[in-house]
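A short worksheet on the structure shown next.
Residue numbers (my numbering), protein chains in the order written: chain A, 1 to 194; chain B, 1 to 194.
The structure is reproduced here in structure tokens:
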């Protein structure tokens with residue numbers, strides 16, 4: 001299924017594109033629909049595609065050899081998602097991406113996106129700026145993991161993903177913060193009482 | 001001091017640039033020399049500049065209110081360094097960057113780099129790819145912090161920064177890994193005995 005011109009304009013909402021460009025860019029994307037518990041990427045997959053979330057909610061996690069899940073990222077409306085290490089490096093996925101709430105995604109392959117960069121340098125600038133934001137957000141998260149107590153990390157998480165609590169399970173959030181669900185409950189009670 | 005054409009070619013070593021472009025790009029950089037213990041960026045500075053390391057070694061750290069230092073990054077030959085959250089977002093630095101070994105840096109302001117992107121789209125692609133690599137490396141580090149024991153994180157650190165151990169102090173490495181210097185010593189002993 002092809003995305004509509006309105007959907008492409010939504011993806012590149014900070015970029016001014018003529019109608020012919022929107023049509024051409026749209027022809028490089030495909031629109032897909034997934035239901036809850038579908039798996040978008042499985043560890044060890046070759047990853048050549050990234051995804052833009054129109055609606056729904058997904059979760060990227062690492063399944064450790066001991067069976068424990070470690071949540072790296074959530075993605076909701078207007079986020080991009082993939083196993084970016086694999087996507088950028090042309091290596092195999094170490095992450096799994098699962099659908100938490102039924103979603104509609106736009107997908108594009110790296111090969112197609114690289115061609116679009118050449119045809120429309122303005123898209124290269126668009127993605128460079130997206131990457132800068134993602135990089136800054138990852139830098140904050142690394143620092144928080146090193147320097148902040150769990151309560152502060154939880155508040156930072158709520159700031160990064162406003163309104164996400166209704167979509168995800170407690171153990172998803174706990175595994176994002178690197179704490180137990182019991183610690184998460186304790187933090188929430190503390191915050192409710194302040 | 002202005003960088004030489006050879007130095008500019010070294011910075012952009014994957015890009016083919018005509019001599020006139022090299023000269024023009026070089027005019028937007030300044031070359032600076034710093035000695036051990038100099039401070040490049042102090043927390044709360046307005047950050048408008050990023051730096052390319054020609055020689056030497058620097059460390060980015062966060063000084064917590066309790067006086068503890070948390071090391072986010074090291075930079076050696078051929079790395080870029082800045083407080084990127086502040087640089088990208090136009091906000092104030094939360095990091096401090098100090099010189100660990102005397103260094104020669106090339107500096108460029110964001111305003112100048114943005115202009116170069118417009119003049120030479122190939123530079124935009126160059127930095128987009130650099131960002132992709134940095135993003136993937138940060139993703140690995142977040143995952144390691146969540147999922148890997150300290151010994152594995154130490155091995156990953158040694159892989160990211162080969163030969164850096166001779167340049168940095170034990171407490172720098174420990175504060176990068178989020179462990180005590182005693183734990184670091186124990187890990188090294190374990191690895192030496194295997």
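A virtual CB, placed ideally from N, CA and C, is assigned to each residue, including glycine.
For clarity, every value in this text was computed on a predicted model and none was experimentally measured.
- The beta carbon of residue 82 of chain A sits closer than 8 Å to the beta carbons of 41, 47, 49, 50, 51, 97 from its chain, once the five residues preceding and following it are set aside; these are given in chain order.
- Not a single CB atom of chain A sits nearer than 8 Å to the CB of residue 166 of chain B.
- DSSP lists A:61 as the beta-bridge partner residues of residue 96 of chain A.
- Around the beta carbon of residue 28 of chain B, 16 or more other beta carbons sit within 10 angstroms, so the residue counts as buried.
- Secondary structure of residue 42 of chain B (DSSP, three-state): coil.
- Around the CB of residue 56 of chain A, 16 or more other CB atoms lie within 10 Å, so the residue is classed as buried.
- Contact between residue 142 of chain A and residue 177 of chain B fails: their C-beta atoms lie close to 12 Å from each other, not under 8 Å.
- For residue 24 of chain A, no beta strand (DSSP E) encloses it; the enclosing alpha helix (DSSP H) starts and ends at 19-26.
- At a Cβ-Cβ threshold of 8 Å, residue 136 of chain A and residue 89 of chain B count as neighbours.
- By the beta-carbon neighbour count (other beta carbons within 10 angstroms, threshold 16), residue 128 of chain B is buried.
- Residue-level contact check: residue 85 of chain B touches chain A, since one or more beta carbons of chain A fall below 8 Å from its beta carbon.
- Residue contact with chain A for residue 133 of chain B: present (Cβ-Cβ distance below 8 Å to some residue of chain A).
- With a beta-carbon spacing of about 16 Å, residue 105 of chain A and residue 25 of chain A fall beyond the 8 Å limit used to define contacts.
- Identification of residues in the segment 134-155 of chain A having a C-beta nearer than 7 Å to some C-beta of chain B yields 134, 135, 136, 138, 139, 140, 141, 142, 143, 145, 146, 147, given in sequence order.
- Contact note: residue 70 of chain A reaches chain B through 143, 146, 147, using a C-beta cutoff of 7 Å and chain order.
- In the displayed model, residue 148 of chain B falls within coil according to three-state DSSP, outside both helix and strand.
- Contact check for residue 150 of chain A against residue 179 of chain A passes: the beta carbons are separated by less than 8 Å.
- Under the three-pair Cβ rule at 8 Å, the segment 146-164 of chain B does not count as touching the segment 155-167 of chain A.
- Taken atom to atom, the span from the alpha-carbon of residue 15 of chain B to that of residue 75 of chain B is near 22 Å.
- Distance from residue 107 of chain A to residue 87 of chain A at the Cβ level is roughly 12 Å; contact not present, criterion being Cβ atoms closer than 8 Å.
- Residues of the segment 49-69 of chain B with a C-beta less than 7 Å from any C-beta of chain A: 62, 64, listed in chain order.
- Look at residue 88 of chain A: its C-beta is under 8 Å from a C-beta on chain B.
- Residue contact check for residue 128 of chain A against chain B: a CB pair falls below 8 Å.
- Straight-line spacing of the CA atoms in residue 36 of chain B and residue 102 of chain B works out to 5 Å.
- For residue 194 of chain A, the number of other beta carbons within 10 angstroms of its own is below 16, and it is reported as exposed.
- It is roughly 30 Å from the alpha-carbon of residue 70 of chain B to the alpha-carbon of residue 163 of chain A.
- With a threshold of 16 other beta carbon atoms within 10 Å, residue 1 of chain B falls short and is exposed.
- One thing to note: residue 43 of chain A has its Cβ within 8 Å of the Cβ of residue 93 of chain A.
- Exposure of residue 171 of chain B is indicated by the presence of fewer than 16 other C-beta atoms within 10 angstroms of its C-beta.
- Here the alpha carbon of residue 188 of chain B sits roughly 14 Å from the alpha carbon of residue 169 of chain B.
- Annotation: the segment 96-165 of chain A contains the following complete segments of the alpha helix (DSSP H) (minimum length 4 residues), in chain order: 110-119, 121-147, 150-160.
- When Cβ-Cβ separations below 8 Å define contact, residue 124 of chain B makes contact with chain A.
- Neighbours of residue 178 of chain B in chain A, taken as residues whose beta carbon is under 8 Å from its own, are 145, 146 in chain order.
- By the neighbour-count criterion, in which 16 or more other beta carbons inside 10 Å mark a residue as buried, residue 60 of chain B falls on the buried side.
- Beta-bridge partners assigned by DSSP to residue 73 of chain B: B:60.
- Bridge pairing for residue 30 of chain A: A:107 [DSSP].
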